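So the sequence lines, in the order shown, correspond to chains F and H.
Mapping to our numbering: the first sequence position 182 is 183, numbers consecutive.
Mapping to our numbering: the second sequence position 83 is 559, numbers consecutive.
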Amino acid sequence: MSADVLVAILLTVITASTPLLLAALGELVTERAGVLNLGVEGMMLMGAVTGFAVTLATGSWPLGVIAAALAGAALALVFGVLTLTLVANQVATGLALTIFGIGVSALIGAGFVGKPLPALPKLSLPGLTDLPIVGRVLFGQDVLVYLSILMTGVVAFVLNRTRLGLVLRAVGQSDVSAHAIGYPVIRIRYGAVLFGGLMSGLAGAYLSLAYTPLWVQEMTAGRGWIALAIVVFAAWRPGRALVGAYLFGGVTILQLYAQGAGLVAVPSQVFAMLPYLATILVLVIISAGPWRRGLDAPACLGKPFRPAA
Amino acid sequence: MRYRIEPRRATPASLFYLTPVLAVGVTVALGALLFGLLGYAPGATLYHFFVSPITTVNGLAELALKATPLVMIAVGLAAGFRAGVWNIGAEGQLTMGAIAGGVVALRLVDVDAPWVLPLMALAGILGGMAWGAVPAVLKTRFGVSEILVSLMLTYVAVLLLGLLVHGPLKDPTGYGFPQSAMFGASANLPLLVEGTRLNAGAIVGLLVVLAAWLVMARTIVGFQIRVVGEAPAAARYAGFSGNRVVWLTLMASAGLAGLAGVFEVAGPIGQLVPSVSPGYGFTAIIVAFLGRLHPVGIGFAGLLVALSYIGGENAQVAVNLPRAATGVFQGLLLFVLLASDFILRYRVRRVPPAGAPVSGALR
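Right, here's the structure in full:
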């Protein structure tokens with residue numbers, strides 16, 4: 002395999018992995034605070050359609066990206082009000098968020114189907130970007146790719162090395178104790194849920210502004226759910242979420258290349274099934290293997306909490 | 477005067493059944509607001525969405541036709557939700573049921589016998605169950621989340637159906653369209669009302685509701701499902717097996733979803749096509765909650781949510797409202813419903829400010 006092909010594959014793997022990583026990091030923080038938000042798919046779609054619409058209307062992709070993040074957060078806020086303030090069931094509310102997000106994004110996006118948009122600009126550093134092989138991989142990406150890598154470090158640092166992270170983890174491990182020693186459990190959970198929404202919105206923006214600069218109804222195609230699986234795979238650790246996202250991104254690209262390589266005997270649908278089947282397989286290996294210990298979910302994940310008045 | 481929110485000790489039964497009605501009202505109001513914001517006349521749009529579709533016999537028949545799969549699936553899902561088993565892959569199980577039943581119908585396309593349809597139904601139930609068995613095995617053996625597995629399998633099932641109708645099951649005389657041959661006459665559900673599409677599946681749907689009601693309310697199995705969900709510790713103490721309940725509820729919901737899939741292809745569709753359901757498997761989740769996870773409630777909820785499908789189609793024709801409005805309505809309904817549960821569990825009480833004078837004389 003020539004170096005050019007290798008670079009091409011690497012570049013596409015990065016593109017496929019970035020939205021997964023962004024969404025998974027957001028959900029990871031949400032879950033570390035003890036909240037299970039199954040609405041990632043819906044928040045991503047809202048981010049995707051909003052980012053596309055705002056970029057198209059204003060001609061400014063930074064505005065589009067910001068609007069996408071806010072749209073994701075707005076939907077997350079609805080989730081927060083329902084599950085944190087009104088103590089609704091988190092699983093059901095997350096599903097509602099996804100159903101609602103699919104509907105609203107399709108409604109908003111009905112007029113944008115088929116409209117083209119230039120892709121997010123990529124970094125270009127004279128000298129560095131032109132380096133053989135590593136040049137475009139390391140120095141020729143768009144802002145969201147760098148942000149996803151940066152955020153992996155930031156999330157890991159904040160969770161493990163700061164007071165805020167310690168409190169957030171305490172809230173997820175034992176809401177009652179955290180409340181008893183005076184931490185504002187609900188407020189911290191709101192923060193974590195909103196962060197999850199922001200990141201899902203960015204993941205959606207990446208899909209509609211960079212991955213395929215187009216709006217297509219339900220263009221997330223289950224990536225929000227795969228991001229949820231990546232969080233489990235990652236055992237709620239940011240570094241492993243990075244590995245997981247690139248693993249899944251790699252599988253997605255592998256199936257595209259396998260299809261393109263002219264394996265005519267195998268129908269395209271079989272390849273398209275691979276990411277979903279791989280998700281199930283990975284979940285089984287993670288849950289059944291000898292490395293199971295130490296991979297436990299935050300103790301309060303998905304459990305409702307309402308402080309006594 | 478201050479207000480305090482405090483948990484209720486007991487929920488009044490009236491409130492339990494009133495909140496879904498309230499939620500529907502609030503959703504319609506929110507929907508009207510949304511239509512207004514999008515530039516549609518709210519009154520006329522609501523009329524075309526919720527009223528005009530059911531002013532004709534055909535409209536009512538369509539309502540029952542679309543309510544049937546929703547209700548059948550939701551009844552099964554509700555049993556699982558009660559036990560804390562979250563099967564959200566009913567759409568995939570429906571698709572597998574349609575495939576299994578469809579394959580039987582296509583093999584027996586020249587057979588004119590009364591047993592063709594029951595055989596298809598059986599195949600569909602087994603097809604759905606096979607798809608539901610995967611999350612059941614993985615959950616009970618390895619503790620893998622049934623939520624993610626059942627959902628991932630939905631994508632796989634839909635792709636499998638696509639593969640089949642583009643390849644092995646494609647009608648050779650179908651001008652290359654990705655669809656199977658039409659089923660034989662004995663593979664079609666008999667119509668209940670001539671001139672409409674309403675078929676005998678609706679009767680089966682009703683029977684499913686009645687049977688589920690009996691099972692949940694009157695049998696030890698139903699009791700176990702409820703105890704496992706509501707008091708897991710008590711269930712363990714009583715020796716009820718959690719794994720057994722996972723299997724039971726997943727098999728019941730997946731089997732019913734599979735049967736609903738057969739009824740779609742043996743009813744209104746009449747052949748295998750790339751998409752056999754407009755998301756009934758997902759919408760049934762809303763139906764289950766709207767019906768308060770109770771079989772009879774689900775029957776009514778199914779009719780109401782079916783209206784959002786027909787209304788969506790009708791409003792698209794009448795006022796050019798995008799089809800996606802249906803999904804928005806359904807999502808809104810579930811939101812409002814979940815929010816309304818708050819008033820079931822908490823109440824607002826007025827409390828006098830601390831240290832307030834009891835009478836004016838002390839002032």
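Glycine is no exception: its CB is placed at the ideal position from the N, C-alpha and C atoms.
What you are looking at is a predicted structure, and each value in this text was computed from that prediction instead of being measured.
Could one say the Cβ of residue i lies closer than 8 Å to chain F's Cβ atoms, at least one of them?
i	result
G619(H)	yes
A801(H)	yes
V579(H)	no
A815(H)	yes
V625(H)	yes
P798(H)	yes
V685(H)	no
F765(H)	yes
V749(H)	no
I575(H)	no
Q700(H)	no
V781(H)	no
L761(H)	Note on identity: in this sequence residue 761(H) is Ile, with Leu being the wrong assignment. It does: the Cβ of I761(H) has a partner Cβ on chain F nearer than 8 Å.
G807(H)	yes
F776(H)	no
L810(H)	yes
L843(H)	Limits of chain H in this structure are 477 at one end and 839 at the other, which puts residue 843(H) out of reach.
Are any of the Cβ atoms in chain H nearer than 8 Å to that of residue i?
i	result
Y277(F)	yes
K50(F)	Note on identity: in this sequence residue 50(F) is Val, with Lys being the wrong assignment. No - not a single Cβ of chain H is within 8 Å of the one on V50(F).
M274(F)	yes
N90(F)	yes
I134(F)	no
V138(F)	no
V285(F)	yes
R190(F)	no
G104(F)	yes
V8(F)	no
F249(F)	no
L165(F)	no
G261(F)	no
Q270(F)	yes
F101(F)	yes
W226(F)	yes
I150(F)	no
L23(F)	no
G202(F)	no
So, for residue i: in the same chain, excluding its five sequence neighbours on each side, which residues have a beta-carbon less than 6 Å away from its beta-carbon?
i	result
S209(F)	A49, G52, F53 and W216
A777(H)	V763, L766 and G767
L203(F)	L23 and A70
Q218(F)	A107
For residue i, is the classification buried or exposed, using 16 other Cβ atoms within 10 angstroms of its Cβ as the cut-off for buried?
i	result
F557(H)	buried
Y258(F)	exposed
A262(F)	exposed
V497(H)	exposed
Y212(F)	buried
W562(H)	buried
V824(H)	exposed
F158(F)	exposed
A89(F)	buried
E482(H)	exposed
I182(F)	exposed
D5(F)	exposed
V781(H)	buried
Once you ignore the five residues that flank residue i on each side, which residues in its own chain have a CB closer than 7 Å to its CB?
i	result
A537(H)	V669, T672, R673 and L674
Residues in the same chain with beta-carbon distance under 8 Å from residue i, minus the five sequence neighbours each way, listed in chain order, please.
i	result
M727(H)	M605, G608, A609 and A612
Contact set between the stretch 545–566 of chain H and chain F, restricted to residues whose Cβ is under 7 Å from the partner: Under the 7 Å Cβ criterion, the stretch 545–566 of chain H contributes W562 and I564.
Against chain H: residues of the stretch 230–242 of chain F by CB proximity under 8 Å: The residues in question are A230 and V233.
Cβ contact check for the stretch 300–307 of chain F and the stretch 744–759 of chain H: 3 or more pairs under 8 Å: No, because fewer than three Cβ pairs between the stretch 300–307 of chain F and the stretch 744–759 of chain H fall closer than 8 Å, the two stretches do not touch.
Flag this pair as touching only if the stretch 247–256 of chain F and the stretch 11–23 of chain F have three or more C-beta atom pairs under 8 Å; answer yes or no. The answer is yes - the stretch 11–23 of chain F touches the stretch 247–256 of chain F, with three or more Cβ pairs under 8 Å.
Where the stretch 626–649 of chain H meets chain F: residues whose CB sits under 8 Å from a CB there: Per Cβ criterion, the list reads L627, M628, L629, Y631, V632, L635, L636, G638, L639, H642 and G643.
What residues in the stretch 48–80 of chain F have a beta carbon less than 8 Å from any beta carbon of chain H? The stretch 48–80 of chain F vs chain H, Cβ under 8 Å: V79.
Members of the stretch 499–525 of chain H near chain F, C-beta cut-off 9 Å: Under the 9 Å Cβ criterion, the stretch 499–525 of chain H contributes L510 and L514.
Would you call the stretch 539–547 of chain H and the stretch 797–815 of chain H touching, i.e. three or more CB-CB distances under 8 Å? Touching, no.
The stretch 750–759 of chain H touching the stretch 558–576 of chain H, judged by at least three CB pairs closer than 8 Å: With the cut-off at 8 Å, the stretch 750–759 of chain H and the stretch 558–576 of chain H touch.
Which residues, in order along the stretch 171–186 of chain F, keep a beta-carbon less than 8 Å from a beta-carbon of chain H? Listed in chain order, the positions of the stretch 171–186 of chain F with a beta carbon within less than 8 Å of a beta carbon of chain H would be empty, since no residue qualifies.
Is it a yes or a no for the stretch 779–796 of chain H touching the stretch 516–536 of chain H, going by three-plus beta-carbon pairs under 8 Å? Segments in contact, yes.
When you compare the stretch 133–150 of chain F with the stretch 82–91 of chain F, are there three or more beta-carbon pairs, one atom per stretch, that lie closer than 8 Å? No, the stretch 133–150 of chain F does not touch the stretch 82–91 of chain F.
Select from the stretch 718–747 of chain H all residues with a C-beta closer than 8 Å to any C-beta belonging to chain F, and list them in chain order. Within the stretch 718–747 of chain H, no residue qualifies.
Can you find at least 3 beta carbon pairs, one from the stretch 631–646 of chain H and one from the stretch 265–276 of chain F, that sit closer than 8 Å? The stretch 631–646 of chain H is in contact with the stretch 265–276 of chain F.
Using 8 Å as the threshold, is the stretch 271–287 of chain F in touch with the stretch 37–48 of chain F, meaning 3 or more CB pairs across them? No, because fewer than three Cβ pairs between the stretch 271–287 of chain F and the stretch 37–48 of chain F fall closer than 8 Å, the two stretches do not touch.
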